[in-house]
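I have placed the structure first, in the form of structure tokens, so that the comments after it can refer back to it.
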Amino acid sequence: MTVIDQLTETEAEHTGHRPRLARVGWILLAIVLSVPPLVADPLELTRLSRLVVLVLAVLGVNLLTGYAGLISLGHGVFVGVGAFAMANLIDQGLSLFVAGLLATVLTGLIGLLLGLPALRVRGLYLALITFGIALAFGPFVRRLGSWTGGVTGRTVDNEAFVPPSFLGLDDQVHVWRYLCCLVVVAVWFLIVRNLIRSRMGRAIRTIRDNESAAATFGINVPAVKAGALTISAAMTGTAGVLQAILNPYISHADFDAFLSLRLYAAAVVGGLGTLLGAVFGVIALIVVPFLNDAVGLIDNEAVVFGAGLVLITFVAPTGVAGLFGRNGNTAGD
Amino acid sequence: MELFLQRCFDGMFNGAIYASLAIAIVMIFRSTGLLNFAQGEMAMMSGYIALVLLSAPGATGIGFSLNGTGWAEQWVPFHPWPTGVAIVGAVLFGGLLGAFIERFIMRPLDGKSTLSQVNVTIGLLIMLNGLTLWIWGPFARSFPSPFPNGIDDFVSIGGARLRYTTIGVWIVLLVVIAGLGALVQNTKTGLAFRAITSNRESAALVGVPIRRTLTVGWAIAAGIGALSASLVGGAIVLEPLTMMKMLIYALAAATIGGLDSPLGAVVGGFIVGLAQALAPGYLGIPTELTLLPPLGAMVLALVLRPHGLFGTVPVNRV
Numbered sequence: 001m002t003v004i005d006q007l008t009e010t011e012a013e014h015t016g017h018r019p020r021l022a023r024v025g026w027i028l029l030a031i032v033l034s035v036p037p038l039v040a041d042p043l044e045l046t047r048l049s050r051l052v053v054l055v056l057a058v059l060g061v062n063l064l065t066g067y068a069g070l071i072s073l074g075h076g077v078f079v080g081v082g083a084f085a086m087a088n089l090i091d092q093g094l095s096l097f098v099a100g101l102l103a104t105v106l107t108g109l110i111g112l113l114l115g116l117p118a119l120r121v122r123g124l125y126l127a128l129i130t131f132g133i134a135l136a137f138g139p140f141v142r143r144l145g146s147w148t149g150g151v152t153g154r155t156v157d158n159e160a161f162v163p164p165s166f167l168g169l170d171d172q173v174h175v176w177r178y179l180c181c182l183v184v185v186a187v188w189f190l191i192v193r194n195l196i197r198s199r200m201g202r203a204i205r206t207i208r209d210n211e212s213a214a215a216t217f218g219i220n221v222p223a224v225k226a227g228a229l230t231i232s233a234a235m236t237g238t239a240g241v242l243q244a245i246l247n248p249y250i251s252h253a254d255f256d257a258f259l260s261l262r263l264y265a266a267a268v269v270g271g272l273g274t275l276l277g278a279v280f281g282v283i284a285l286i287v288v289p290f291l292n293d294a295v296g297l298i299d300n301e302a303v304v305f306g307a308g309l310v311l312i313t314f315v316a317p318t319g320v321a322g323l324f325g326r327n328g329n330t331a332g333d
Numbered sequence: 334m335e336l337f338l339q340r341c342f343d344g345m346f347n348g349a350i351y352a353s354l355a356i357a358i359v360m361i362f363r364s365t366g367l368l369n370f371a372q373g374e375m376a377m378m379s380g381y382i383a384l385v386l387l388s389a390p391g392a393t394g395i396g397f398s399l400n401g402t403g404w405a406e407q408w409v410p411f412h413p414w415p416t417g418v419a420i421v422g423a424v425l426f427g428g429l430l431g432a433f434i435e436r437f438i439m440r441p442l443d444g445k446s447t448l449s450q451v452n453v454t455i456g457l458l459i460m461l462n463g464l465t466l467w468i469w470g471p472f473a474r475s476f477p478s479p480f481p482n483g484i485d486d487f488v489s490i491g492g493a494r495l496r497y498t499t500i501g502v503w504i505v506l507l508v509v510i511a512g513l514g515a516l517v518q519n520t521k522t523g524l525a526f527r528a529i530t531s532n533r534e535s536a537a538l539v540g541v542p543i544r545r546t547l548t549v550g551w552a553i554a555a556g557i558g559a560l561s562a563s564l565v566g567g568a569i570v571l572e573p574l575t576m577m578k579m580l581i582y583a584l585a586a587a588t589i590g591g592l593d594s595p596l597g598a599v600v601g602g603f604i605v606g607l608a609q610a611l612a613p614g615y616l617g618i619p620t621e622l623t624l625l626p627p628l629g630a631m632v633l634a635l636v637l638r639p640h641g642l643f644g645t646v647p648v649n650r651v
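Here it is, written out as structure tokens:
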């Protein structure tokens with residue numbers, strides 16, 4: 001057992017001190033998510049699928065900001081890269097599965113590339129760089145017209161995405177899409193869960209808690225940061241891939257700086273450093289506009305959401321997930 | 334040569350705007366170690382307040398009436414105000430907004446993690462942007478320049494036109510810097526501000542009124558930021574997204590100059606403005622990608638000199 005293992009042992013116990021409650025939460029979630037295909041109409045189900053996909057993007061932010069302590073204000077860019085890569089790879093005649101996989105890997109690599117300079121800088125500076133990238137992405141996409149459709153955007157050829165015949169879902173493509181999204185997102189959740197519990201996960205959290213100490217313990221800080229960034233970008237790219245399939249028309253406007261800010265806000269509101277936080281964050285993204293409509297005071301959900309982000313820092317610094325008792329992993333300085 | 338000079342002059346105008354917003358960011362970073370991501374949006378609200386103060390009720394130039402002008406006509410004496418006076422009003426509003434945010438939002442978070450403070454400024458960014466959009470709509474508004482801005486209002490230097498607005502903006506910027514310098518060097522509040530910047534705990538121990546000084550610091554910073562949003566007028570239009578782009582230029586300027594150096598902010602603003610004006614012509618970067626050179630310069634500065642050109646090198650305690 002290395003020093004790091006010993007050091008983070010107590011934290012591992014700490015984070016897992018309410019495992020039963022979390023498990024109940026996951027089971028409840030599974031039950032809730034299995035109802036819509038039976039009752040919802042195609043349009044509503046597609047909308048729900050998109051929210052499921054959004055959870056994946058928020059989890060990407062959560063992995064980087066919540067677990068690794070690297071603030072990213074640019075994850076909307078990775079959603080965009082994934083979506084546009086998917087569209088172009090389909091054009092090349094690749095099968096959907098291969099295209100999706102390749103787009104995911106590609107987004108991960110681009111995340112690594114963009115993040116390389118960021119690995120040298122600390123804390124706030126990464127937030128700065130990623131925010132700049134998020135703002136520059138729109139004009140950049142408009143410029144690459146042949147790949148991205150320029151200003152108007154482009155269509156994605158998702159015709160091939162049909163359920164296999166033995167499932168008997170032939171006329172219910174939306175259900176098939178919903179199920180696929182759920183499975184893909186669930187797989188990513190499992191990957192992140194295992195990653196967090198692995199040796200690398202402990203290294204990631206040690207870097208978050210004290211970078212200098214982590215380096216002293218022999219953790220290769222740049223390598224671990226690069227790894228976390230790549231995986232985070234890749235899973236966010238997968239979210240883009242799924243979004244391209246669900247909504248076969250994508251343009252630069254879908255991936256503006258506000259998407260990045262919303263993803264970040266959702267990750268914070270939901271609860272940084274907990275897996276369920278990503279789910280809560282997206283629920284907040286739905287509930288807030290809904291409540292806002294019901295109250296009807298302010299005709300702009302951004303105002304309410306921004307105010308919510310400010311408020312939650314005071315009321316529940318660990319996010320909504322923290323309110324439910326799993327307050328182990330608050331991201332510190 | 335003529336073209337080169339012309340591009341430099343164009344860049345200088347933007348440079349001054351970036352510099353003033355960068356000074357606001359630097360002031361807050363120096364005293365609290367916090368990057369205020371909402372600085373641009375705070376400035377933008379103030380800019381719209383200036384617009385309300387100087388516009389007569391009814392349709393503005395592009396046919397959309399500006400919310401609040403009717404209210405202002407009823408309650409604000411001598412409304413509509415001349416542009417210069419309206420800008421002073423916007424600066425005062427910005428100062429109040431800054432003081433309010435410091436007193437009621439940032440101060441209770443004192444001692445919390447950097448992350449929660451950053452989260453709050455991002456929340457404020459989203460909220461203030463939404464608020465501006467909600468109140469005044471997504472339309473681009475032209476903002477009259479406080480300086481002579483006619484077609485003949487320029488000085489010809491080497492064949493290139495140095496516009497009065499550019500000169501005016503730089504004069505305002507220099508006055509602000511001089512005023513700020515005098516304030517910091519010669520007043521008791523300035524002394525307190527320097528003490529806090531140098532060592533907060535020691536300052537508190539010898540009885541420096543930390544809280545009051547920080548509120549004043551935030552107010553001044555936000556006031557300077559408001560100035561930047563108001564002076565943008567004459568060159569580009571004001572719309573809810575304007576200051577978001579300005580913010581990234583200003584952040585680039587502040588980073589290049591060193592986040593804790595006001596002088597660096599001015600030099601950085603100058604560099605970013607020039608880079609933005611010269612890159613499209615000489616590096617073949619398309620105009621819509623003018624965000625890239627400053628961004629690249631910022632990344633380069635962070636990688637090579639993370640503390641900037643004029644910043645202090647931080648010492649990290651393990």
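These protein sequence lines map, in sequence, to chains A and B.
The opening position of the first sequence corresponds to residue 1 in the working numbering, with each subsequent residue numbered one higher.
The opening position of the second sequence corresponds to residue 334 in the working numbering, with each subsequent residue numbered one higher.
Glycine included, C-beta positions come from ideal geometry on N, C-alpha and C.
These numbers come from a predicted model, not from an experiment.
So that I know if they touch, is there some Cβ in chain A lying closer than 8 angstroms to that of B:Pro-619? In the second sequence, the residue the question calls residue 619 of chain B occupies position 286. Closer than 8 angstroms to some Cβ of chain A, the Cβ of B:Pro-619 qualifies, so yes.
Rounded to the nearest angstrom, what separates B:Asn-347 and B:Arg-496 at their Cα positions? Residue numbering aside, residue 347 of chain B sits at position 14 when the second sequence is read from its first letter. Residue numbering aside, residue 496 of chain B sits at position 163 when the second sequence is read from its first letter. Straight-line Cα distance between these residues: approximately 12 angstroms.
At least one CB of chain B closer than 8 angstroms to the CB of A:Asn-62: is that the case? Start at 1 with the first residue of the first sequence, and residue 62 of chain A comes out as number 62. Not one chain B Cβ lies under 8 angstroms of A:Asn-62.
Integer Cβ distance of A:Gly-237 from A:Phe-78, believed to fall under 8 angstroms: In the first sequence, counting from the first residue as 1, residue 237 of chain A sits at position 237. In the first sequence, counting from the first residue as 1, residue 78 of chain A sits at position 78. Correct: roughly 5 angstroms between the Cβ atoms.
So, B:Ser-398 versus B:Val-509, is the Cβ gap smaller than 8 angstroms? On the second sequence, position 65 is the one that residue 398 of chain B refers to. On the second sequence, position 176 is the one that residue 509 of chain B refers to. One thing to note: B:Ser-398 has its Cβ no nearer than 8 angstroms to the Cβ of B:Val-509.
Check the C-beta distance from A:Arg-208 over to A:Gly-69 and give it rounded, since I have them as a contact under 8 angstroms. The residue labelled residue 208 of chain A in the question sits at position 208 within the first sequence. The residue labelled residue 69 of chain A in the question sits at position 69 within the first sequence. Confirmed, Cβ separation roughly 3 angstroms.
Tell whether a beta-carbon distance below 8 angstroms holds between B:Met-631 and B:Glu-374. Counting from 1 along the second sequence, the entry for residue 631 of chain B is found at position 298. Counting from 1 along the second sequence, the entry for residue 374 of chain B is found at position 41. No, the pair does not count as a contact, with Cβ atoms beyond the cut-off.
Going along the chain, which residues of its own chain have a beta-carbon closer than 8 angstroms to the beta-carbon of A:Thr-330, five neighbours each way excluded? Start at 1 with the first residue of the first sequence, and residue 330 of chain A comes out as number 330. Bear in mind that a pLDDT of 42 at A:Thr-330, under 50, signals an unreliable position, so the number given afterwards is only what the model happens to contain. Answer for A:Thr-330: Leu-272, Gly-273, Pro-317, Thr-318 and Gly-322, listed in chain order.
Rounding to the nearest angstrom, what Cα-Cα distance links A:Gly-281 and A:Ala-265 in this structure? Indexing the first sequence from 1 puts residue 281 of chain A at position 281. Indexing the first sequence from 1 puts residue 265 of chain A at position 265. Their Cα atoms are separated by approximately 8 angstroms.
Tell me which same chain residues have a C-beta within less than 6 angstroms of the C-beta of B:Thr-365, skipping the five on either side of it? The sequence position of residue 365 of chain B within the second sequence is 32, counting from 1. Around B:Thr-365: no qualifying Cβ.
With DSSP collapsed to three states, give me the class of A:Ile-231. Numbered from 1 along the first sequence, position 231 holds the residue referred to as residue 231 of chain A. Helix, per DSSP.
Per-residue burial, A:Arg-197 [other beta carbons within 10 Å of its own, 16 or more giving buried]: The residue you call residue 197 of chain A lines up with position 197 of the first sequence. The residue is exposed, with fewer than 16 neighbouring Cβ atoms inside 10 Å.
Less than 8 angstroms separating the beta-carbons of B:Ile-455 and A:Leu-261? Locating residue 455 of chain B in the second sequence gives position 122, where the first residue counts as 1. Locating residue 261 of chain A in the first sequence gives position 261, where the first residue counts as 1. It is a contact, given that the beta carbons lie within the stated cut-off.
Distance between B:Gly-556 and B:Ile-382 (C-alpha atoms, nearest Å): Position 49 of the second sequence, counted from the first residue, corresponds to residue 382 of chain B. Position 223 of the second sequence, counted from the first residue, corresponds to residue 556 of chain B. Their Cα atoms are separated by approximately 13 angstroms.
Rounded to whole angstroms, how far is the Cβ of B:Ala-405 from the Cβ of B:Leu-386, which I believe are closer than 8 angstroms? Position 72 of the second sequence, counted from the start, is the residue given in the question as residue 405 of chain B. Position 53 of the second sequence, counted from the start, is the residue given in the question as residue 386 of chain B. Right, the Cβ-Cβ distance comes to about 6 angstroms (below 8 angstroms), so this counts as a contact.
In or out: A:Val-24 buried (at least 16 other Cβ within 10 Å) or exposed? To locate residue 24 of chain A, count along the first sequence from 1; it is residue 24. Classification of A:Val-24: exposed, given that the 10 Å Cβ count is below 16.
Compare the C-beta of A:Phe-255 with all C-beta atoms of chain B and state if any pair is closer than 8 angstroms. Working through the first sequence from its first residue, we reach residue 255 of chain A at position 255. Not an interface residue.
Just by C-beta distance, which residues in the stretch 579–590 of chain B are closer than 8 angstroms to chain A? Ile-581, Leu-584, Ala-585 and Thr-588
Would B:Trp-467 pass as an interface residue toward chain A - the criterion being a Cβ-Cβ separation below 8 angstroms? Locating residue 467 of chain B in the second sequence gives position 134, where the first residue counts as 1. Taking Cβ atoms only, chain A reaches closer than 8 angstroms to B:Trp-467, which makes this a yes.
Which of helix, strand or coil does DSSP assign to A:Thr-155? The residue you call residue 155 of chain A lines up with position 155 of the first sequence. Of the three classes helix, strand and coil, the one that applies to A:Thr-155 here is strand, per DSSP.
Only counting the same chain, and skipping five residues up and downstream in sequence, which positions put a Cβ closer than 8 angstroms to that of B:Phe-487? As a position in the second sequence, residue 487 of chain B is number 154, starting the count at 1. Hits under 8 angstroms: Arg-494, Leu-495, Arg-496 and Tyr-497.
Helix or strand or just coil, what does DSSP make of A:Ser-72? Position 72 of the first sequence, counted from the first residue, corresponds to residue 72 of chain A. A:Ser-72 falls in the coil class under three-state DSSP.
Can you tell me the Cα-Cα spacing of B:Pro-479 and B:Ile-350, whole angstroms? Mapped onto the second sequence, residue 479 of chain B falls at position 146. Mapped onto the second sequence, residue 350 of chain B falls at position 17. Approximately 14 angstroms, taken between the alpha carbons.
What residues in its chain sit with their C-beta under 6 angstroms from that of B:Val-565, if we drop five residues either side in the sequence? What you label residue 565 of chain B is simply residue 232 of the second sequence in a count that begins at 1. Answer for B:Val-565: Ile-350, listed in chain order.
Looking at chain B, is there any beta carbon in it that lies within less than 8 angstroms of the beta carbon of A:Leu-259? As a first step, residue 259 of chain A is located in the first sequence; it is residue number 259 there, counting from the start. Chain B contact via Cβ: absent.
Out of B:Pro-626, B:Leu-616, B:Val-424 and B:Leu-596, which has the shortest C-alpha to C-alpha gap to B:Gly-606? Residue 606 of chain B sits at position 273 when you count from the first residue of the second sequence. Selected option, being the one with the closest Cα: B:Pro-626.
At a CB distance below 9 angstroms, what residues from the stretch 283–316 of chain A approach chain B? Give them in sequence order. Ile-298, Asp-299, Asn-300, Glu-301, Ala-302, Val-303, Val-304, Phe-305, Gly-306, Ala-307, Gly-308, Leu-309, Val-310, Leu-311, Ile-312, Thr-313 and Phe-314
Taking only runs of the beta strand (DSSP E) that begin and end inside the stretch 473–497 of chain B, which ones reach a length of at least 3 residues, in chain order? Annotation: the stretch 473–497 of chain B contains the following complete segments of the beta strand (DSSP E) (minimum length 3 residues), in chain order: 487–490 and 493–496.
Quick one, are the C-beta atoms of B:Pro-471 and B:Glu-335 less than 8 angstroms apart? As a position in the second sequence, residue 471 of chain B is number 138, starting the count at 1. As a position in the second sequence, residue 335 of chain B is number 2, starting the count at 1. Not in contact: B:Pro-471 and B:Glu-335 (Cβ atoms no closer than 8 angstroms).
Which residues in the same chain have their Cβ closer than 8 angstroms to the Cβ of A:Glu-351, if we skip the five residues on either side of it in sequence? Look at the range of chain A in this structure, 1 to 333, and you will see that residue 351 of chain A is not part of it.
List the residues of chain B whose Cβ lies closer than 9 angstroms to the Cβ of A:Ala-265, in chain order. Within the first sequence, residue 265 of chain A is the residue found at index 265, counting from 1. Residues of chain B passing the Cβ test: Asn-452, Ile-455, Gly-456 and Ile-459.
Our contact map puts B:Ser-475 next to B:Val-570 with C-beta atoms below 8 angstroms; I'd like the distance itself, whole angstroms only. What you label residue 475 of chain B is simply residue 142 of the second sequence in a count that begins at 1. What you label residue 570 of chain B is simply residue 237 of the second sequence in a count that begins at 1. Correct: roughly 5 angstroms between the Cβ atoms.
How about A:Ala-57 and A:Leu-263: are their beta carbons less than 8 angstroms apart? Your numbering for residue 57 of chain A matches position 57 in the first sequence. Your numbering for residue 263 of chain A matches position 263 in the first sequence. Yes; because the gap between Cβ atoms is below 8 angstroms, this pair is in contact.
Can a CB atom of chain A be found closer than 8 angstroms to the CB of B:Gly-431? Here residue 431 of chain B refers to the residue found at position 98 of the second sequence. Not a single C-beta of chain A is nearer than 8 angstroms to the C-beta of B:Gly-431.
Length of the line joining the Cα atoms of A:Gly-111 and A:Leu-119: Sequence index remark: in the first sequence, residue 111 of chain A carries index 111 (1-based). Sequence index remark: in the first sequence, residue 119 of chain A carries index 119 (1-based). C-alpha separation (whole angstroms): 12 angstroms.
B:Leu-571, DSSP secondary structure in three states: Sequence index remark: in the second sequence, residue 571 of chain B carries index 238 (1-based). If DSSP states are grouped into helix, strand and coil, B:Leu-571 belongs with the strands.
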